[in-house]
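Engineer:
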Amino acid sequence: MDRILIAKKQSRFHDFKKKINRSKFLIFMGLPAVIFYFIFCYIPMYGVLMAFTHYYPKRGILGSLTTSFVGFNNFKTIFNDPYFWQVLGNTVFIGLGKIIISFVASLLIALLLNEIRMRVFKKSVQIIVTFPHFLSWVVVAGFVNLFFVTDGAINSIVVFFGGQPIDFLRNGPFFITLLFGSDIWKEAGWGSIIYLATMAGISPELYEAADIDGATRLQKIWHITLPAIKPTAILLLILSVGGILSAGFDQIFNLYNPLVYSVSDILDTYIYRSQFNDNVNAGITTAIGLFKSVVSFILVLTVDRIAKLSGERGII
Amino acid sequence: MKRSRFELPYLPLRPSRKSANHRFGRLDVVLFIVLLIYGILIIFPFYNAFLISISPEHVYNETPLLLWPKELTFASYSSVFANKNLWSGFRITMILLTVGTIYQMFFTIITGYALSRSKWFGKNFLMNMILVTMFFGGGLIPYYYLITNLNLHDKIWVMIIPGAIDTFNMLLMRNYFQSLPKELEESARIDGANDIQIFVKVYLPLALPMIATVGLFFAVGNWNSWYNAMLFVKTPSLWPLQFVLRNLIITGASNIEGTITSPDTYSQGLVMASIFFTIVPMMCFYPFLQRFFVKGIVVGAIKG
Amino acid sequence: MKKNHFLTLLSLVTLVIPLFLSSCDPSDKRDEYDGDKLIVSLRNLYFDSYSGGDNYTDFIEDKFKLKLNLSNYSWADWTTQVNGAINGNNVEDVFHFNLDSYNFASTYEYWAQGEVIKALPSDLSNWPNIVSLLENTSNIDALKIDGKLYGIPIAKNIDRPETTFAPFTYVYRRDWAKNLNVYQEGDVYTWQQFNALLHALNLHFKNDASSAAIGDVEWGFPSITNFYKDSPHCFTKDDEGKVISNFHSSKYIEGLNKAKEFVGNQHYYQNQYSSKDGEMNKRYAAQKLGVLYENLSYSNYNKLRTDYIRNYPNVDVDEATAILKVKGPDGKFALEGAENWFSMTFFDADISDLKQAKVLDLINWLLGEEGTQFAMYGIEGYDYDLINDEPVLKDKDEYKTKMNGAKYLRYMATLGYDTLHYDPLVNIDSLNLLNNWTDEMSNALEANELRIFEEESQIRWLSSPLKNQHSGRMLSNANAYVTQYAFNSLTSIDAYVAKLNIDPWESVLNEINGALK
Chain A
3 MDRILIAKKQ SRFHDFKKKI NRSKFLIFMG LPAVIFYFIF CYIPMYGVLM AFTHYYPKRG
63 ILGSLTTSFV GFNNFKTIFN DPYFWQVLGN TVFIGLGKII ISFVASLLIA LLLNEIRMRV
123 FKKSVQIIVT FPHFLSWVVV AGFVNLFFVT DGAINSIVVF FGGQPIDFLR NGPFFITLLF
183 GSDIWKEAGW GSIIYLATMA GISPELYEAA DIDGATRLQK IWHITLPAIK PTAILLLILS
243 VGGILSAGFD QIFNLYNPLV YSVSDILDTY IYRSQFNDNV NAGITTAIGL FKSVVSFILV
303 LTVDRIAKLS GERGII
Chain B
41 MKRSRFELPY LPLRPSRKSA NHRFGRLDVV LFIVLLIYGI LIIFPFYNAF LISISPEHVY
101 NETPLLLWPK ELTFASYSSV FANKNLWSGF RITMILLTVG TIYQMFFTII TGYALSRSKW
161 FGKNFLMNMI LVTMFFGGGL IPYYYLITNL NLHDKIWVMI IPGAIDTFNM LLMRNYFQSL
221 PKELEESARI DGANDIQIFV KVYLPLALPM IATVGLFFAV GNWNSWYNAM LFVKTPSLWP
281 LQFVLRNLII TGASNIEGTI TSPDTYSQGL VMASIFFTIV PMMCFYPFLQ RFFVKGIVVG
341 AIKG
Chain C
-4 MKKNHFLTLL SLVTLVIPLF LSSCDPSDKR DEYDGDKLIV SLRNLYFDSY SGGDNYTDFI
56 EDKFKLKLNL SNYSWADWTT QVNGAINGNN VEDVFHFNLD SYNFASTYEY WAQGEVIKAL
116 PSDLSNWPNI VSLLENTSNI DALKIDGKLY GIPIAKNIDR PETTFAPFTY VYRRDWAKNL
176 NVYQEGDVYT WQQFNALLHA LNLHFKNDAS SAAIGDVEWG FPSITNFYKD SPHCFTKDDE
236 GKVISNFHSS KYIEGLNKAK EFVGNQHYYQ NQYSSKDGEM NKRYAAQKLG VLYENLSYSN
296 YNKLRTDYIR NYPNVDVDEA TAILKVKGPD GKFALEGAEN WFSMTFFDAD ISDLKQAKVL
356 DLINWLLGEE GTQFAMYGIE GYDYDLINDE PVLKDKDEYK TKMNGAKYLR YMATLGYDTL
416 HYDPLVNIDS LNLLNNWTDE MSNALEANEL RIFEEESQIR WLSSPLKNQH SGRMLSNANA
476 YVTQYAFNSL TSIDAYVAKL NIDPWESVLN EINGALK
């Protein structure tokens, strides 16, 4: 009996060794990735421990943990600061708004492009609308500043029609509109590609059948095109929900100014400014960052679970 | 007989309707106009910015909404071309583009390939490892600390090394490799090829379209990078182009070292000229490269 | 995700953390030598476009047996770069930072107690020049924590310690004033005359939208409030000595309304508040402004004049950059009070005593007679000759093209105002005009014709939790609301006050008043 057991164990170990041996090449291929992610993503993760200390740069993280551990006090300070809740509100508002607005805009553009028949026109419009995606926000912010400054192009139109120049860049509600608007200008074209490709993959027989049934264009869109892109849309939505709390640091960082901090500060810009300009202790700013990561993670898990429950394929 | 895989259909258009009862209706005209307007809205800022960069200040002050050139001046551009920071930025970005892109492509492609193969020891571990990093990060200060400990401060490598693998591009490669039929691998093994030969001789050539796409994504990313430079690079001669541009825009190009301020130059003109300095290369290449980007996204995301 | 894979991952991460943590402790900065020279890294804002390697730094390196690694900050990112370096424990051995006066106490204290910066030795007798510099530094005692000084305040005008005010004032186009018949003798204008001047300039620019009567340097808007307010920052004291908010005070609001009036009259350039750094200055230099409010330090004032000479040689530069003296509604001049130092040079806490001593040696020498002469004139026999015991440059134009590194190194301790009269490259005309102005204002102060407004030092240097946490933001928000009100984004004083009250003024003031009792 024992001999059979030993033989089984040996053979399992032998199989295991064979398995590793067979994967040797692939393991070597994957090793750089392991090292890379470990160094640049996982090692910094231990930095979240700073959130539980009053951080002394000279003592390092371990030193601060042992000598100035504060537990959850940093979180208490944050949650007691009314400005934090304002920033959080801004982040959710801007993040959610961007997801919805860019979704609608991309979808609209895709729908419009889908209906065009002239190949040359379609192609050139695609090239044009997808180009801004490849600009950095530095450049786009330069354009926005150029157009919307009080003596700029847009205000010259306003003045021409007899109005007072509007201060777009420094006036809260207008600034938010600019945020959404410039986001559409830059990204909507690129976002429409996926939808467009999906639409192009729809079998033409469906449309012909609808023609026979006498459907109008709108009906065709509603009943054929939209359902076909639903899985893709849901997938993209799930992917972007995790990023709500990020809400576009690059864009806001390049566009904002002190007069609109109160409405356009998002978590990332708040952390950046607190850390680098206002000299807030690193423990506190890391705590905000930790809060952000944890909440994003929970959000993604939740949305993914909801999607799975309603029958779509999730990503986790 | 190997079917060539280089010609994937470009954004497959719906085959032209054979139905004769399709007329070019009113709706089509509306669609055309709407898209035309949208297209113009996109182009117009570039056009306007260009006009401003070649116009003198009083023209801009009178009509900020320039529609056609009224008076020409090259003062803005000559000032920009005399700005040595922009040129050194250009040089640095070129280095990032070449060295950085190749470096990034190498690691991303092999990781993507490895993850596309089924069932090897450690595959799930690596996949999960990467997945977690997509949602959870350490924050800026630990990252800063890491860079300090790696002694990367103020060196050009700080803009290259931390970018070795981009998760999104890696997933694109992985999906592409997965979409290639398994029979290729099996038939190659039967022919006696080992792992390396399968990768290099079979899969790599087939993946060239996607590799081109991913390479272009990295190239654009490198062209636009400025954040790492802002945090970690203090020597002006190591600043990349976009970072120099950002400094110019923030300070209105008034008192940057290297800018000769004369009465002929004004901040908007200088800023616009600098912007064009940085985007013109991209504008030239983009129309030709656009299909690679589109192809890549389509194949990668839809089949993924 | 399979459960066991997740566990493997978790265990990997948790296992390695202690390993890495223990290896990541900040190391003591051991002294390193290049040959027999001690390596020192210095970073200063004013090392702009200078990074050593000239004859002069070579001389210094040889003399003091130091190897200097020099780098500079950029104006735009100074705060970011310093804070980032401190938190990442990557500061240079000697670095330079401006502690904003409203956040000064907390930052300085925070750094001192966080062991970021090294205290100066208690016994400074080895460095007599530094001692005399510190003795003449205003409010030096406020800079001491537990009796120790944690940095060297960089001196401004220690040669004229009676100058307790900052040179933030107006330049104007005297020639235009004369042409418009509103010129007043001696450039002294009463409030009515000042208003008349602006009015005349405004009419003159009626058809030119890009010009305006007056412009303020970006950080100084609205300068008009100087004639009304009691304090340049957040806090002031009321008649009973209680600390109140400057921005809520009736005096400030009166000034604010005046600023709004000026904006409404289009005296101010309409894009005043959206202009970038240095833009107003440029506009004045491009003849687009009649009056400019600016920090008239020697370098700024000289640059204005040099720009005019270069760009408009037909204009009389004295007439174009005359310093304007305005008496407010109360009949007095108004100037912001200032310390006679600006920003500080700090030492990293980790450097050895030896290294600090050597740097102090260097600074001491640079402040002394021999060092100053070296920094200003260069090398004897090569750049200058001693004629009748006075140094005379051999070839001024050639010397101008060189970068004298010693001069830049001297900026670690002083901004050079004290040696302006001694500097061979100084523009005597600009310097004399500024000195004349300073003298006039000092006389006015003695004759009680000058009102200096400043935040009391006991408030400014109070460090308390709520004040540290909030006052920085309160100040920048308040400035934003002021601008919005002046430019009609906020249409009533009530709206302005309502916006101000979003920030916790009351609790911060209560805390301050409690602490000052």
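Protein chains in written order, with the working numbering: chain A, 3 to 318; chain B, 41 to 344; chain C, -4 to 512.
Note that the Cβ used here is the ideal one computed from N, Cα and C, for glycine as well.
#1: What residues from the stretch 137 to 153 of chain A come within 8 Å of chain C, judged by C-beta to C-beta, listed N to C?
#2: In angstroms, rounded to a whole number, what distance separates the CA positions of B:Met213 and B:Lys335?
#3: Mind the definition here: the stretch 393 to 400 of chain C touches the stretch 441 to 448 of chain C only if three or more C-beta pairs lie below 8 Å; say whether that holds.
#4: Measure the C-alpha to C-alpha separation of A:Phe277 and C:Gly79 and round it to an integer number of angstroms.
#5: In three-state DSSP terms, what is A:Trp224?
#6: Taking Cβ-Cβ distances shorter than 7 Å, what residues in chain A pair up with B:Asn264?
#7: For B:Ile296, count neighbouring Cβ atoms within 10 angstroms of its own Cβ and tell me buried if that reaches 16, exposed if not.
#8: With H, G and I counted as helix, E and B as strand and the rest as coil, what does DSSP make of C:His243?
#9: Put B:Lys241 into one of helix, strand or coil per three-state DSSP.
#10: Out of B:Ile181, B:Leu76, B:Phe147 and B:Leu256, state which residue places its alpha-carbon closest to the alpha-carbon of A:Tyr48.
#11: How many angstroms separate the CA atom of C:Asn82 from the CA atom of A:Val282?
#12: Alpha carbon to alpha carbon, how far is C:Gly30 from C:Leu61? Give it in angstroms, no decimals.
#13: Just how far apart, CA to CA, sit C:Phe200 and C:Ile147?
#14: In terms of DSSP beta bridges, what is C:Tyr165 paired with?
#15: Let me know the secondary structure DSSP gives B:Ile296 once reduced to three states.
#16: If the cut is a Cβ gap below 9 Å, which residues of chain A does C:Tyr105 touch?
#17: For B:Asn268, decide whether its Cβ has a neighbour in chain D, counting only Cβ atoms nearer than 8 Å.
#18: What residue ranges within the stretch 198 to 251 of chain B form continuous alpha helix (DSSP H) runs of no fewer than 4 residues, ordered along the chain?
#19: Among all the DSSP beta bridges, which residues are the ones paired with C:Lys62?
#20: CB C:Ser218 to CB C:Asp211, shorter than 8 Å?
#21: Compute the distance between the beta-carbons of A:Gly193 and A:Ser108, then report whether it is under 8 Å.
#22: Contact defined as beta carbons within less than 8 Å: I believe C:Phe342 pairs with C:Asp118. What is the distance between those atoms, to the nearest angstrom?
#23: Determine, using beta carbons only, whether B:Val139 and B:Asp194 come nearer to each other than 8 Å.
#24: Let's test the definition: count the other Cβ atoms within 10 Å of the Cβ of B:Thr275 and tell me whether it reaches 16, buried, or not, exposed.
#25: Exposed or buried, which one is C:Trp106 when buried takes at least 16 other CB atoms within 10 Å?
#26: Using CA atoms only, rank isn't needed, just tell me which of C:Tyr103, C:Gly259, C:Glu365 and C:Ser101 is closest to C:Lys58.
#27: Fully enclosed by the stretch 167 to 194 of chain B, which alpha helix (DSSP H) runs are 4 residues long or longer?
#28: Count the other CB atoms within 10 Å of the CB of B:Ile94; is the residue buried (16 or more) or exposed (fewer)?
#29: 8 Å is my cut-off, CB to CB: does C:Val111 come that close to chain A?
#30: Under DSSP, the beta strand (DSSP E) around C:Gly519 begins and ends at which residues?
#31: Just the C-alpha distance for C:Glu501 and C:Lys462, rounded to the nearest angstrom, thanks.
#32: When you compare the CB of B:Asn88 with every CB in chain A, is at least one pair closer than 8 Å?
#33: What does B:Pro280 reach in chain A if we use C-beta pairs closer than 7 Å?
#34: Among C:Phe163, C:Ala317, C:Arg405 and C:Asp234, which residue has its Cα nearest to the Cα of C:Ile358?
#35: Could you list which residues in chain C have their beta carbon closer than 9 Å to that of A:Phe74, in chain order?
#36: Check this for me: beta carbons of A:Gly216 and B:Thr151, under 8 Å apart or not?
Structural biologist: Based on what the coordinates show:
#1: Going along the stretch 137 to 153 of chain A in chain order, one finds Val151, Thr152 and Asp153 with a Cβ nearer than 8 Å to chain C.
#2: Looking up residue 213 of chain B in the second sequence gives position 173. Looking up residue 335 of chain B in the second sequence gives position 295. Looking at the two C-alpha atoms, the distance is approximately 12 Å.
#3: no
#4: As a working mapping, residue 277 of chain A is identified with position 275 in the first sequence. As a working mapping, residue 79 of chain C is identified with position 84 in the third sequence. According to the sequence as given, residue 277 of chain A is Gln; it is not Phe. Looking at the two C-alpha atoms, the distance is approximately 8 Å.
#5: Counting from 1 along the first sequence, the entry for residue 224 of chain A is found at position 222. Helix, per DSSP.
#6: Here the question's residue 264 of chain B lines up with position 224 in the second sequence. For B:Asn264, the C-beta contacts it makes with chain A under 7 Å involve Ser138, in order along the chain.
#7: Residue numbering aside, residue 296 of chain B sits at position 256 when the second sequence is read from its first letter. Residue placement at B:Ile296 is poorly supported in this model, since its pLDDT is 45, which falls under 50; the coordinates still yield a value, given next. By the neighbour-count rule (16 or more Cβ atoms within 10 Å), B:Ile296 is buried.
#8: Residue mapping note: residue 243 of chain C aligns to position 248 of the third sequence, counting from 1. Three-state result, C:His243: coil.
#9: Here residue 241 of chain B corresponds to residue number 201 of the second sequence, with the count starting at 1. Looking at B:Lys241 - three-state DSSP - the assignment turns out to be helix.
#10: Indexing the first sequence from 1 puts residue 48 of chain A at position 46. For the residues B:Ile181, B:Leu76, B:Phe147 and B:Leu256, the minimum Cα distance to A:Tyr48 belongs to B:Ile181.
#11: Start at 1 with the first residue of the third sequence, and residue 82 of chain C comes out as number 87. Start at 1 with the first residue of the first sequence, and residue 282 of chain A comes out as number 280. Approximately 10 Å between the Cα atoms of the pair.
#12: Numbered from its first residue, the third sequence carries residue 61 of chain C at position 66. Numbered from its first residue, the third sequence carries residue 30 of chain C at position 35. Near 10 Å, if we compare the C-alpha coordinates of C:Gly30 and C:Leu61.
#13: Start at 1 with the first residue of the third sequence, and residue 200 of chain C comes out as number 205. Start at 1 with the first residue of the third sequence, and residue 147 of chain C comes out as number 152. Using only the alpha carbons, I get a separation of about 48 Å.
#14: One-based indexing of the third sequence puts residue 165 of chain C at position 170. DSSP output for C:Tyr165 lists C:Tyr288 and C:Leu319 as bridge partner(s).
#15: Numbered from 1 along the second sequence, position 256 holds the residue referred to as residue 296 of chain B. For B:Ile296, the predicted structure reports a pLDDT of 45, less than 50, and the residue's modelled location is therefore unreliable. A value from the coordinates is still provided. In the structure shown, B:Ile296 sits in coil (DSSP, three-state: anything other than H, G, I, E or B).
#16: For the purposes of this step, residue 105 of chain C is identified with residue 110 of the third sequence, where counting begins at 1. The answer, in chain order, is Asn281 and Asn283.
#17: Of the protein chains in this structure, namely A, B and C, none is chain D.
#18: 207 to 219 and 222 to 230
#19: Mapped onto the third sequence, residue 62 of chain C falls at position 67. Its beta-bridge partners are C:Ile34.
#20: Counted from its first residue, the third sequence places residue 218 of chain C at position 223. Counted from its first residue, the third sequence places residue 211 of chain C at position 216. Yes.
#21: As a working mapping, residue 193 of chain A is identified with position 191 in the first sequence. As a working mapping, residue 108 of chain A is identified with position 106 in the first sequence. Contact flag set, yes.
#22: For this step, residue 342 of chain C is matched to residue 347 along the third sequence. For this step, residue 118 of chain C is matched to residue 123 along the third sequence. Not confirmed; about 16 Å, so no contact.
#23: As a working note, residue 139 of chain B is residue 99 in the second sequence. As a working note, residue 194 of chain B is residue 154 in the second sequence. In this structure, B:Asp194 does not lie closer than 8 Å to B:Val139 by Cβ.
#24: For the purposes of this step, residue 275 of chain B is taken as residue 235 along the second sequence, with counting starting at 1. So B:Thr275 counts as exposed.
#25: Taking the third sequence and counting its residues from 1, one reaches residue 106 of chain C at position 111. By the 10 Å Cβ count, C:Trp106 comes out buried.
#26: In the third sequence, the residue the question calls residue 58 of chain C occupies position 63. Among C:Tyr103, C:Gly259, C:Glu365 and C:Ser101, the Cα nearest to that of C:Lys58 is on C:Glu365.
#27: Segments of the alpha helix (DSSP H) lying fully in the stretch 167 to 194 of chain B: 180 to 189.
#28: What you label residue 94 of chain B is simply residue 54 of the second sequence in a count that begins at 1. With 16 or more other Cβ atoms within 10 Å, it is buried.
#29: Taking the first residue of the third sequence as 1, we reach residue 111 of chain C at position 116. Answer yes: the Cβ-Cβ gap between C:Val111 and chain A drops below 8 Å somewhere.
#30: Given that chain C is displayed from residue -4 to residue 512, the structure contains no residue 519 of chain C and the question cannot be resolved.
#31: Residue mapping note: residue 501 of chain C aligns to position 506 of the third sequence, counting from 1. Residue mapping note: residue 462 of chain C aligns to position 467 of the third sequence, counting from 1. Rounded to whole angstroms, C:Glu501 to C:Lys462 spans 11 Å at the Cα level.
#32: Within the second sequence, the letter at position 48 stands for residue 88 of chain B. It does; some Cβ of chain A falls within 8 Å.
#33: Mapped onto the second sequence, residue 280 of chain B falls at position 240. Correct list: empty, because the minimum Cβ distance to chain A is about 11 Å.
#34: On the third sequence, position 363 is the one that residue 358 of chain C refers to. When each option's Cα is compared against that of C:Ile358, the closest is C:Arg405.
#35: One-based indexing of the first sequence puts residue 74 of chain A at position 72. Going along chain C, no residue has its Cβ under 9 Å from A:Phe74, so there is no contact; the nearest lies around 18 Å.
#36: Locating residue 216 of chain A in the first sequence gives position 214, where the first residue counts as 1. Locating residue 151 of chain B in the second sequence gives position 111, where the first residue counts as 1. No, Cβ-Cβ distance for A:Gly216 and B:Thr151 is not below 8 Å.
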